Every structure is written in C-alpha cells, then in structure tokens.
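Reading through the structure tokens given below for one structure.
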Amino acid sequence: MKAAGIDSADLEVRLFIKDVLGITDTDILAGPERPVSEKESQKIELMVQRRLKGEPVFRILGEREFWGLPFKVTPDTLDPRPDTETLVEAALKRFKTMPPKMILDLGTGTGCILISLLHEWPESQGFAVDISEKALLVAQENAERHGVADRIRFIQGDWQGDWSAALNDSFDLIVSNPPYIPSGDIPNLESEVKNHDPIQALDGGKDGFQAYEKIISQLSSLLKRGGAVFLEVGFNQGENVARLAADSCLSVEGVHPDLAGIPRVVEISLGEN
Ligand SMILES: C[S@@+](CC[C@H](N)C(=O)[O-])C[C@H]1O[C@@H](n2cnc3c(N)ncnc32)[C@H](O)[C@@H]1O
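Encoded structure:
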C-alpha cells in the first residue's frame, strides 16, 4: 500500500487487522503474538486489494467514527466527515444551558448529526428527513445501535415535502449538511469521493446552492421563535448562504470555522421581528 502511494498505509492496515480479528489497540499491545488464521489473513488481504483499487478505507470497513460513536456507512450514504463535527459542536454550545426539545435534521444520511445530538441530549426528540429510503434505513440502524431510535421519526421526503405541511409542531433546532458541490465540479472531485459517495449526497445543482435556497425558504415556518438553525457549507459558500438567509429576513448569528479555520457552519435564527 505504501508503494502504491497510500501515505497512511500503516494506520489503515492496522484498522483492517483490528476489524477482521475483532481486536482493539490495547489487545495488540497486550498480546502482539496472537496467531492469524488463513481465513483471517485472506480477509485482510482482500481489504488491502480493495484499497489498492481506490476504495476509501471507511467504505471498506463499512463503518466510520463520528463524534466518538461508530456509524454504519453503505454505498447509499455519505461517509460522514470530521468537518461535520463542527456543526454538532456549535449546536451543543448554543443549547448548553437548555437542550432543544425538537430537532429537525434535513438530509440525515447515516444519521450522524442527529444521532450524536440525541446521544448528548437524552430528553430531546428528532425528525430525520432524507430523499433516500435506503439511507434512512441505515440511519435507523445507527439510531438503534446508539439507543436513540425511539426518539426519532424517520421521514422519506424532499426538503420541501408534504411531510412539513402535516407537522403539528415546529422545531427548536434545525440542522443540515445538504449536498453543496456545483454539478460541474463533480467530475473534478477526488476519485475516492466522486466514485464512492452517492451523487445525491454531493450534487448541489448548477451553482451548488440549490438545496440551501429550498431549505432557507421554509425556515421561518419550521423554526420556533428563539430556536436556531445550523447549516454546513462548502469552501467559500458561507457568505452566499448568509446572504440567502438575510434575503429571507432571517438573522445570521455567526459563521463557525472548522479545525482548519475554514468557515464551515452558518448559524441562523428568526431574529427580533
Ligand atoms: C451531504 S449528505 C449529508 C449526510 C449526513 N447528514 C452527514 O452529514 O454525513 C446530504 C444528504 O441529503 C440527502 N438529500 C439529497 N437531496 C435531498 C432532497 N431533495 N431532500 C431531502 N434529502 C436530500 C442525501 O440523500 C444525503 O443523505
């Protein structure tokens, strides 16, 4: 794998070995002499072969850690990115003293954002919306694994689906990491992204802002007064998303940078009026 130019080959092979043998780093330290059977060795070799063909490591493992929790990842879901933890962190900070009662997650994918938040806030409830039925099944499985499924309603639908008209309630917190790559940029993405993340999770339309426009246009009817919205944005999109919110008479409370200092999450509220 090193010869093939994979910089983190040591770390990745260690992940494959731990997965196949069902062991932890501590087990490796405590018993480095553990024998590896022929079958186990073949499984590890198969994972290495997939990796050499360009498949991302977390897709091969079928699991990715997010906010300290393991999430199942399938070809129908975006592989959750560490940058998205910026959104979880910002939302937790905003509701530090009083957790939100009702949370809406638009485009839930693996469910990583909503499930992490519900894991932190044991009294909160959530709605997980996604256009992909298969992604919702993965989100449901992840929610069950982390003991929060009974506090989530899973809804298959569009950003502006009929589901919102049928709601009796509005939300204290709305979160979303929508698809935001301009359609024309998709062929230029790294092959690990364009060949493995579902196109539905990436394609933000001609200019990348299609989902934001639709989501922002209905925030005032979905959000409770005093509530907050956190939208993840792509590189260089923060200002435009903030402008879209301001054009819809919403207040932009701030833009939160990720660990690399790049504006990553726009925080919005209904404002004073
Ligand atoms: C960038 S992924 C984010 C997934 C997950 N929330 C995360 O942060 O890892 C965007 C998600 O939006 C969903 N999606 C795309 N178009 C949609 C639409 N029109 N209505 C609802 N969900 C949509 C995709 O299926 C995908 O799961």
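Letter by letter, the sequence shown follows residues 455 to 727 of the working numbering.
Note that CB positions come from ideal geometry on N, CA and C, so glycine has one too.
These numbers were taken from a predicted model, which means no experiment stands behind them.
Are the region 670 to 689 and the region 619 to 633 touching, with three or more C-beta to C-beta distances below 8 Å?
yes
GLY582 and THR562 closer than 7 Å at C-beta
Note on identity: in this sequence residue 582 is Ala, with Gly being the wrong assignment. In contact: ALA582 and THR562 (Cβ atoms closer than 7 Å).
Cβ-based burial, ILE670 [other Cβ within 10 Å; buried from 16]:
buried
Taking all protein chains shown into account, decide if LEU500 is buried (16 or more other Cβ within 10 angstroms of its Cβ) or exposed.
exposed
Does ASP559 come out as helix, strand or coil in the three-state DSSP assignment?
strand
How many angstroms separate the CA atom of GLY615 from the CA atom of ASN622?
15 Å
To the nearest whole angstrom, what separates the beta carbons of ASP736 and LEU532, a pair I think is in contact under 8 Å?
Because the chain in this structure spans residues 455 to 727, residue 736 falls outside the shown range and cannot be described.
Nearest-residue set for ligand 1, Cβ under 6 Å from any heavy atom:
LEU532, PRO534, THR538, GLY561, THR562, GLY563, THR564, CYS566, ILE567, VAL583, ASP584, ILE585, SER586, ALA589, ASP612, TRP613, ASN631, PRO632, PRO633, GLN654, ALA655
Distance, ALA463 Cα to GLU795 Cα
Examination of residue 795 is not possible in this model, given that the chain is present from 455 through 727 alone.
LYS660 (DSSP reduced to helix, strand or coil)
coil
According to DSSP, is LEU532 part of a helix, a strand, or is it coil?
coil
On the three-state DSSP scale, how would you describe ASP626?
strand
Complete alpha helix (DSSP H) runs within the region 471 to 539 (minimum length 4 residues, chain order):
479 to 484, 492 to 506, 511 to 515
Is the separation between the beta-carbon of ILE498 and that of ILE477 shorter than 7 Å?
no
Got a sec? Which residues, its chain only, sit under 7 Å from LYS660 by beta carbon, not counting five neighbours each side?
PRO636, SER637
Endpoints, the beta strand (DSSP E) within which VAL695 is located
From DSSP, VAL695 is part of no beta strand (DSSP E) but of the alpha helix (DSSP H) over 692 to 701.
Counting Cβ pairs closer than 8 Å, one from the region 517 to 535 and one from the region 586 to 594, do we hit at least three?
yes
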